[in-house]
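Encoded as structure tokens, the structure appears first; notes follow it.
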Amino acid sequence: MNITLVIENIKNFLISLFAKIKTIFEDDKKRFLIISGIALLILLLLIILIFSPKQKNDKNISQMFSLSEKIVIPPSPEIKNDYTLTRENNKKWVKEEGEEYFTTPSKKEINSLSDSNDTLISNMIGAAP
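Residue numbers (the working numbering): 2 to 130.
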């Protein structure tokens with residue numbers, strides 16, 4: 002399609018549009034002024050909305066909350082009575098904690114872990130040039 006033809010079509014459309022507007026204005030001035038006023042009002046509102054400063058909803062909470070009372074757990078069948086919500090974190094475990102939570106791996110588990118690590122390393126090195 003030729004660019005001059007496109008420009009000519011746009012020019013003809015605008016000429017016919019302005020001719021229709023002119024006939025509406027000449028036939029019924031009151032309706033034309035009302036429609037024009039509404040269009041200008043909508044345009045003005047859009048401009049105000051676009052260029053108005055945005056309000057940030059970031060409300061800084063400067064107050065730090067701290068626990069002032071003991072936590073009360075509501076009774077329910079899902080929570081056991083000896084359930085602990087928090088515990089004091091120590092830098093080192095005592096021997097009893099170590100014995101309770103740590104299990105020494107068996108020779109079979111160590112060999113399985115070693116084999117899987119060797120396989121991973123072999124795959125990485127094998128892909129290298």
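Even glycine gets a Cβ: it sits at the ideal position worked out from N, Cα and C.
Computed from a predicted model, the values in this text were never measured in an experiment.
I25 sits close to F33, with the two beta carbons spaced by under 8 angstroms.
Non-local C-beta neighbours of N118 in its own chain, meaning closer than 6 angstroms and more than five positions away in sequence, are absent. D29 and L41 have their C-alpha atoms roughly 18 angstroms apart. The alpha-carbon of E89 is positioned some 16 angstroms away from that of K96. One Cα belongs to N91, the other to I122, and the distance between them is close to 36 angstroms. In this structure, DSSP gives L68 a state outside helix and strand, which the three-state scheme calls coil. Distance from the CA atom of L47 to the CA atom of S53, rounded to whole angstroms, is 10 angstroms.
When DSSP states are grouped into helix, strand and coil, K55 belongs to the coil group.
Membership of E9 in the alpha helix (DSSP H) is indicated by the continuous run 4-28.
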